[in-house]
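Chain order of the listed sequences is F and P.
Our numbering puts the first residue of the first sequence at 9, with every later residue one more than the last.
Our numbering puts the first residue of the second sequence at -18, with every later residue one more than the last.
Using N, Cα and C, we set each Cβ at its ideal position, and we do this for glycine too.
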Amino acid sequence: MTAETIARIVEARFVCGESNADRELDYAFASDLMSDVLTLTQENVLFITGLVAPQTIRTAMISDIHTILVVRGKTLPRTIVELAEENDLTVMTSSFSMYRASGELYKAGLSPVF
Amino acid sequence: MSTLPISTDDSPTFLTELIFRLKVKDAMTREVITARRTDPLRDLQLLMREHQISGIPIVEGPRLLGIVSMDDVIRALDEGRIDEPAGDHMSRQVIVLEDDMPLSFGISSMDKYRFGRFPVLSKEKQLVGIITSRDILVALLVEFNREAERLEDDIPSRPTDDSYRREYRVRKYDFELAGKPTSDIKKRLKEAGLHPKLIRRVAVASYELEMNQVVHSEGGTIAVRLNPQQVEIIAIDNGPGIPDVEQALEEGYSTATEWVRSLGFGAGMGLPNARRVSDDFEISTGSHGTSVRCRFALPEHQTEEDSHATQ
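Pasting the structure below:
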């Protein structure tokens, strides 16, 4: 499933990296705890989170995650968007709750990591 | 978390270090002019004029109930309600700071909320001070001066052996910059042509150890050492040490505070994660500090050694 399709399903808006919206995602993982994200070993994982901090971006980079879906309508400060852009990440935001966004994407066939 | 008005990536190290090392309590004014909720607003107006301040916390004993700002007083004057009790005019939704927070939090709160002052509470939720942008400036200037003198003697040491080694300083509570050393390490290992899966394991260990130093220590260093046999991540901090290492190595055991958790860390997975990804994991701790060494064998080298052995 591409980031573009995901954005359509959860009514998300691209914050940066829209030009890479055709990158394929095989799995999704939803968490506000960065250490939990760091336990993943899969590739092409969509990272769903409600945490907006520089660590959100850095955790994604370290875990080789290229696409982040920010839920609960959180907005991203400019410095965080810049950090994401520098690292070639695709970031989108949705006003859906984490539960609803996850539910919709699961229903649409995006696999959990475990 | 709100962001600082300066880029901590580009600013001189000693400036950014300062705002993370200094705490709110190091800069705040401890003698706070307060009023009770039954005091008439007119008294508060006089207090503001007398002390040249623009806001007065309303307290009951050591407990903060709200705050009355100059704006509240002006509005009451306009409406002819200046003799009413302060309690009827105070803002109850007060943004406060905790005295143990790094000063960077004070600065980013100033930037975010645009209030002139923030009451400061202790862990026990008692009003212990008040902080304005002026307080922050003064504290920074004093420390800046001290730090500049100290820096003149600070000459970094360089490695002498032929393996690649780089050391990064990690500062207490520097959540803005946390992860940058690990990003650098990751990039360097990629350039060295290591397998992406191995790089990811090293990065996870490095990042967790870095976050541990940011959250729990007085600051320290993260070093990476790469030679043809292995990659090592060595984390050394300046204390205060881990009281129970066995517990700290258990998943889910955490001593992190509420606001650390609000930043997505402190779930008690740091050391367990670092150990899980390492081929070899050593930890030693005492009141002087904690050092952790994670070792990752390079598979290419193992193959090479094996072939040497059979020759």
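Below-7 Å beta-carbon distance, residue i vs any chain F residue
i	result
residue 160 (chain P)	yes
residue 245 (chain P)	yes
residue 82 (chain P)	no
residue 151 (chain P)	no
residue 184 (chain P)	yes
residue 234 (chain P)	no
residue 91 (chain P)	no
residue 203 (chain P)	no
residue 94 (chain P)	no
residue 248 (chain P)	yes
residue -3 (chain P)	no
residue 147 (chain P)	no
DSSP-derived helix/strand/coil call for residue i
i	result
residue 75 (chain P)	coil
residue 50 (chain F)	coil
residue 241 (chain P)	helix
residue 211 (chain P)	strand
residue 77 (chain F)	strand
residue 19 (chain F)	coil
residue 277 (chain P)	strand
residue 39 (chain P)	strand
residue 262 (chain P)	strand
residue 67 (chain F)	helix
residue 136 (chain P)	Because the pLDDT of residue 136 (chain P) is 46, which lies under 50, any placement of that residue in the model is unreliable, and the number read from its coordinates should be weighed accordingly. Residue 136 (chain P) falls in the coil class under three-state DSSP.
Rounded straight-line distance, which links the Cα of residue j to that of residue i
i	j	result
residue 33 (chain F)	residue 68 (chain P)	56 Å
residue 266 (chain P)	residue 277 (chain P)	21 Å
residue 83 (chain P)	residue 154 (chain P)	7 Å
residue -14 (chain P)	residue 92 (chain P)	7 Å
residue 26 (chain F)	residue 102 (chain F)	14 Å
residue 262 (chain P)	residue 214 (chain P)	10 Å
residue 24 (chain F)	residue 227 (chain P)	43 Å
residue 36 (chain P)	residue 192 (chain P)	37 Å
residue 39 (chain P)	residue 79 (chain P)	17 Å
residue 112 (chain F)	residue 75 (chain P)	38 Å
residue 237 (chain P)	residue 247 (chain P)	5 Å
Bridge partners - residue i, DSSP secondary structure assignment
i	result
residue 4 (chain P)	P:83
residue 203 (chain P)	P:149, P:216
residue 102 (chain P)	P:79, P:108
residue 270 (chain P)	P:267
residue 37 (chain F)	F:55
residue 45 (chain P)	P:40
residue 10 (chain F)	F:32
residue 16 (chain P)	P:39
residue 106 (chain F)	According to DSSP, which records beta bridges pairwise, residue 106 (chain F) is partnered with nothing at all.
residue 50 (chain P)	P:36
Contact with chain P by residue i, beta-carbon distance below 7 Å
i	result
residue 110 (chain F)	no
residue 59 (chain F)	yes
residue 42 (chain F)	yes
residue 63 (chain F)	yes
residue 157 (chain F)	Residue 157 (chain F) is absent from the structure shown; chain F starts at 9 and stops at 122.
residue 66 (chain F)	yes
Chain-ordered neighbours of residue i on chain B, where CB pairs are closer than 9 Å
i	result
residue 169 (chain P)	The question asks about chain B, but that chain is absent: this structure's protein chains are F and P.
Inter-stretch contact (C-beta, 8 Å, three-pair minimum) for the region -11 to 3 of chain P and the region 37 to 54 of chain F: no
Any 3 or more C-beta pairs closer than 8 Å across the region 47 to 56 of chain P and the region 70 to 84 of chain P: yes
The region 162 to 172 of chain P contacting the region 185 to 201 of chain P, beta-carbon criterion three pairs below 8 Å: yes
Cβ pair count under 8 Å reaching 3, the region 53 to 63 of chain F against the region 76 to 89 of chain F: yes
Meets three-Cβ-pair contact criterion under 8 Å: the region 94 to 101 of chain F and the region 65 to 73 of chain F: yes
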